[in-house]
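Q: The structure follows.
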Amino acid sequence: MAISYPIVRRDELLVEDHFGKKIPDPYRWLEDPDSAETIAFVRSQNEITQKYLDRCPYTDKLKQRLKEVWDYERFSCPFKSGRYYYYWRNSGLQNQSVLFQLESLDGTASVFLDPNEIDADGLAAIRGYSFSEEGNYLCYGLSHGGSDWAELKFKRTDSGEELPDVLKHVKFSGIEWTHDEKGVFYCMYREHMGKADGTETTSNQDQKLMYHVLGTDQSEDVLCVERPDHPKWLIGAEVSVCGRYLLVSYRDGCEPNNLLYYCDLASINYSITGKLNLIPIVDEFEAVYEYVTNEGPLLVLRTNLNAPMYKLITVDITNPDRTNWKDLIAHNGTVLLECATCVHQDKLIVSRLQDVKSRLSVHKLQTGEKIQDLELPLGSVCGITGRKRDTIAFIRFTSFLTPGQVFSCDLTKEPLSLKIFRESRLSCVDLSAFTAKQVFYESKDKTRIPMFIVHPNNLILDGSRPCQLYGYGGFDIAITPAFSISQLMLLLHFGGIVAIANIRGGGEYGKPWHDAGRRKHKQNCFDDFQAAAEYLIAERYTGRDKLYISGGSNGGLLVCACANQRPDLFAAVVSHVPVCDLLRFHKFTIGHAWVSDYGDPEKEEDFNVLLR
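Written out as structure tokens, the structure is:
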């Protein structure tokens, strides 16, 4: 199909000096999303895309088939709060999942919160939620149109009554109740001027930790923590499982480390009336410290301090000198400790990642001693629910060919085992017709890179099949096996192959893997991805004229860079919301947080790397 691409104006006069180098920026005018010229540009792009799709003979068939394949039930893990159990469910074609409430696991479920009723077009979404300690109230965030901005709202759990409290200007925030159920801690930014619908591009700074008392106006909320000396820092807060301690963390962008402080709420009689006196546990950016649970003043933390694949340690906050810190579950140099959940008072369910595949084990809380492993097939643990007071934990599992399984584990019965509690099934697709496997290939510098390949069972390696190669490679994020309808369509109807390359920059092998693919080492990401393409072609899974690459956000940058560096390798590129302007990304929205991976364009050394 011939495409007549719309003319886009270039401003040849806009040239800036950066460290002695002249940098033209002819499309700077597109940074204003509200200008008439930008709106016209977006409209013309949409029009040319729609005309192309309208002429595609497969469009209507694909829409119908997607609708059929998407129509299957999906569930979260159930969890208990107060007298009720809850779980999220999507019947198949609902725009947003619905929160159900039931009094027992085998009881009748009723709708408790349905965002589809708020907006029939599916533009209202739940962005975070938290039940109060005794389960009498729910606080939930509601966003619109994909915006990061949210409003916090409240419901009673016994009657479902919506309470009048509404908290605005909330972004990048958790929700933490005090155990007396009087109110919540949350994070907000100063009152936003202008639009706050997700299309604005202004930078977000000066986040504040607030405390809201239920039944009062937001204007009366208490300012608990702020850091005007570090306006770009992000604040996190978590109330300990015992309710006594408020743990406050600070993060400087997306760098995988944080500071950690605490406030003993008992020392102020649980009365929150002003700024909190925070006591440092960790007061320098050196590693990640994540709260797991506690026994009185003894905290269990997940950390990568001198442990690039993470470990669990105990810290007594009444005597926090590092010489008193102890390993609870020691570092393992080949297996990444992803998370730990405390259940049944004295048990820890630990999820690890070994060569990008999930592993589960149960340990004693007091000593870290392993009780036993819980066997899993190839795939990913994507959720664990259970509280210290609960005897049953639930684990959600997925893989390339497993839409979703929820396992239960009764911690009172030995030997421990996983039992299928609920699972999603596709009635219109035989997933047994496909195979998922893992291979390893060498990158340009001989580093061994893992890659998953999903293909039909009747695959003949003759280079004739279309193939999607997907990657991300950034921000310490591991791309683990997951079920994807869009990828399934390629397998089902085009005889295709899907490949997912676990390139450096991600979190698949801890901090060293991340460090090897960011800042001055970012080129390793591109080399790894190009080597994946060369492997697929050399092993005759596909050919250069059949291979397309796909990625989003940081992955969008990845595929754009690879398309520029090696256009000979790929037939097509699909780049979703890419980060492409690496000299100005830090000036907009939360872009300043991405300096951790890309470098700071306002520093000459980083600028020279970004200009390559």
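Going by UniProt numbering, the first residue of the sequence shown is number 1, and it counts up by one from there. Glycine is no exception: its CB is placed at the ideal position from the N, C-alpha and C atoms.
1) Measure the C-alpha to C-alpha separation of residue 116 and residue 74 and round it to an integer number of angstroms.
2) Please confirm if the region 474-484 is in contact with the region 401-412, defined as three or more CB-CB distances below 8 Å between the two stretches.
3) Can you find the residues in the same chain that come closer than 7 Å, C-beta to C-beta, to residue 552, ignoring five residues on each side of it along the sequence?
4) Suppose only complete runs of 3+ residues qualify. What are the beta strand (DSSP E) ranges in the region 361-440, listed by chain order?
5) Compute the Euclidean distance between the alpha carbons of residue 186 and residue 245, then round it to the nearest angstrom.
6) Since residue 379 contacts residue 398 with CB under 8 Å, what's their CB separation in whole angstroms?
7) Taking just the CA atoms, how far does residue 498 sit from residue 69?
8) With DSSP as the reference, label residue 246 as helix, strand or coil.
9) Name the two residues that bound the continuous beta strand (DSSP E) containing residue 101.
10) For residue 338, which residues of its own chain have a beta-carbon under 7 Å away from its beta-carbon, when the five flanking residues on both sides are left out?
11) Report the three-state DSSP secondary structure of residue 489 (helix, strand or coil).
12) Measuring straight from C-alpha to C-alpha, what distance separates residue 609 and residue 559?
13) Beta-carbon separation of residue 374 and residue 365 under 8 Å?
14) By the DSSP assignment, the alpha helix (DSSP H) with residue 118 in it spans what residues?
15) With DSSP as the reference, please indicate the residues paired to residue 358 in a beta bridge.
16) Along the chain, where does the beta strand (DSSP E) containing residue 303 start, and where does it finish?
17) Which residue comes first and which comes last in the beta strand (DSSP E) that contains residue 448?
18) For a test of the three-state rule: what should DSSP assign to residue 497, helix, strand or coil?
19) Would you check if the region 160-177 and the region 224-241 touch, i.e. whether three or more CB-CB distances between them fall below 8 Å?
20) From the DSSP secondary-structure annotation, give me the bridge partner or partners of residue 442.
21) On the CB-based measure, 16 or more other CB atoms within 10 Å of its CB, does residue 475 come out buried or exposed?
22) Please work out which residues of its chain come closer than 8 Å, Cβ to Cβ, to residue 391, disregarding the five sequence neighbours upstream and downstream, and give them in chain order.
23) Take the Cβ of residue 331 as the centre, count every other Cβ of all protein chains shown within 10 Å, and call the residue buried at 16 or more, exposed below.
24) Assuming residue 615 contacts residue 223 under a Cβ cut-off of 8 Å, what Cβ separation, rounded to an integer in Å, is found between them?
25) Note down the Cα distance separating residue 145 from residue 220, rounded to an integer number of angstroms.
26) Does residue 174 come out as helix, strand or coil in the three-state DSSP assignment?
27) Quick check on DSSP: helix, strand or coil for residue 535?
28) Using the beta-carbon count (16 or more within 10 Å), is residue 382 buried or exposed?
29) May I ask you to report which of helix, strand or coil DSSP gives residue 268?
A: Quick answer:
1) 16 Å
2) yes
3) 576, 577
4) 370-374, 380-385, 392-399, 402-410, 419-423
5) 16 Å
6) 6 Å
7) 18 Å
8) strand
9) 98-102
10) 351, 352, 353
11) helix
12) 18 Å
13) no
14) 115-118
15) 353
16) 298-303
17) 448-456
18) strand
19) yes
20) 448
21) buried
22) 343, 344, 410, 411, 412
23) buried
24) Residue coverage of the chain in this structure runs from 1 to 612, which leaves residue 615 outside it and unanswerable.
25) 29 Å
26) strand
27) helix
28) buried
29) helix
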